[in-house]
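Take a look at the structure set out below.
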Amino acid sequence: MLKSFSNQVVVVLLKLLTLLPYRLLVALGYGLGYIAARIPSDRSRVVKTNLHLCFPKLSAAEIDSLAKEHWRLLGRSLVEKSIIWCGSSKQLSNMIEVKSAVDLSSKKPRILVNMHFTGIEGSIILSALSKTKHWPRTSGFFQRMKNPFFNKRIVEWRNRFGGNSIDRQGNAKAIIREIRNGDFIIIAPDLDLGLKDSEFVPFFGIQTNTITTISRLAKITGADVCLMTTTLKADESGYLCEIGKPLENFPGADPKSDTARLNQCFEEEIRLRPAEYYWVHKRFKNRPDNGPSPYNPSN
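Read in order, the letters of the sequence shown are residues 11 to 309 in the numbering used here.
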């Protein structure tokens, strides 16, 4: 009963946040991030562990500064989800600008490969704009949440403009059908989702467990593969969603080399704006040959 009540309180709070002026919402998010960065927690340790692993040349003070900036942006992205999940199409249009190197009105089979910057949820703007821009429907994989209430709600919110969120567990045929139909297919493969259908390939010089989904889907469907990023505008007035040209000679000889190539692309983008990346994820939790996790406090 208490859990159900708290779930409803969060929904009401998200809807109330959409009523705030955008600049005030951003300031609130920065404040939450400032506080979170200074509270000792397991996720704070994960952030610093990831930064130490990926940027070994940075000093402890530089790592601490980067971690604090990351939490600041993460706090901002958290409150901005109120607009992304519950806001109007006009609010989304004002918040996120889309630039594309490909014709988005085309029904050419295409996979948009996103990565986990703090603004990743902003890709829902493609659904919000699809009706006025005459773009195809937006579809994408999602990972189930532990909270069934919010798992259902967030899927509904993401789909409210006509999108189609597809559970990644056991729905390969559905995503293949969407790709061949020419819909926008957005997949972010830069998480450790377990050893199934994955390979260990370099990421910041570290052998990292990474799903091979993009390569296999591109091979099956003949779809173009385009990188997609949703990152902060320089003046912090919102986000810029950029879709690049199709990757040349992709897929290549085998899924492992394709996946390594994508990781290299991700790394190049992350180095441009490291504080915006989703460092709270345990990206290196699975190790080759069942090696010890770097997130174990004893290591």
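Cβ coordinates follow ideal geometry from the N, Cα and C atoms, glycine included.
- Rounded to the nearest angstrom, the gap between the Cα atoms of Ala70 and Ala77 is 10 Å.
- Taking 4 residues as the shortest admissible run, the region 116-169 contains the following complete alpha helix (DSSP H) segments, listed from N- to C-terminal end: 135-143, 158-168.
- Separation of Glu107 and Asp245 (C-alpha to C-alpha, rounded to the nearest whole angstrom) is 13 Å.
- With respect to the 8 Å criterion, Trp95 and Leu30 are not classified as neighbours on the basis of their beta carbons.
- In the DSSP assignment, Ser110 forms a beta bridge with Ile253.
- Contact annotation: the region 190-208 touches the region 116-127, with at least three C-beta pairs closer than 8 Å.
- For Ser247, no alpha helix (DSSP H) segment is defined, and its DSSP state is neither H nor E.
- Excluding its 5 nearest sequence neighbours in each direction, Gly254 has C-beta neighbours in its own chain below 7 Å: Ala111, Cys236, Leu237, listed in chain order.
- Here Pro199 is not near Ala270, since their CB atoms are 8 Å or more apart.
- Looking only at Leu61, Arg53, Lys292, Leu35, the smallest Cα-Cα distance to Ala285 is reached by Leu61.
- Contact between the region 261-280 and the region 289-305 is absent, with fewer than three C-beta pairs closer than 8 Å.
- Counting along the chain, Thr223 sits inside the alpha helix (DSSP H) bounded by residues 223-231.
- Pairing Leu205 with Asn104 gives a Cβ-Cβ distance that is not under 8 Å.
- In the DSSP secondary-structure assignment, Asn219 is bridged to Phe210.
- Met125 sits buried, since 16 or more C-beta atoms from the chains shown fall within 10 Å of its C-beta.
- DSSP, reduced to helix, strand and coil, places Phe15 within a helical segment of the structure shown.
- Apart from sequence neighbours up to five positions away, the residues of its chain that approach Pro307 with a beta-carbon distance below 8 Å are Arg55, ordered along the chain.
- The beta carbon of Pro304 lies closer than 6 Å to those of Thr59, Phe294 in the same chain, with the five residues before and after it left out.
- Spatial neighbours of Glu209 in its own chain (CB-CB distance under 6 Å, excluding positions within 5 residues in sequence) are listed in chain order as Thr222, Lys266, Thr269.
- For Ser267, there is no enclosing beta strand (DSSP E); the residue is part of the alpha helix (DSSP H) that begins and ends at 265-282.
- In the three-state reduction of the DSSP assignment, Asn174 falls in the strand class.
- Our two residues, Trp81 and Tyr288, have alpha carbons roughly 10 Å apart in a direct line.
- A direct Cα-Cα distance of roughly 13 Å separates Ile186 from Ser225.
- Under the three-state reduction of DSSP, Leu34 is assigned to helix.
- In terms of Cα proximity to Asn169, the closest of Arg48, Gly41, Ser98 is Ser98.
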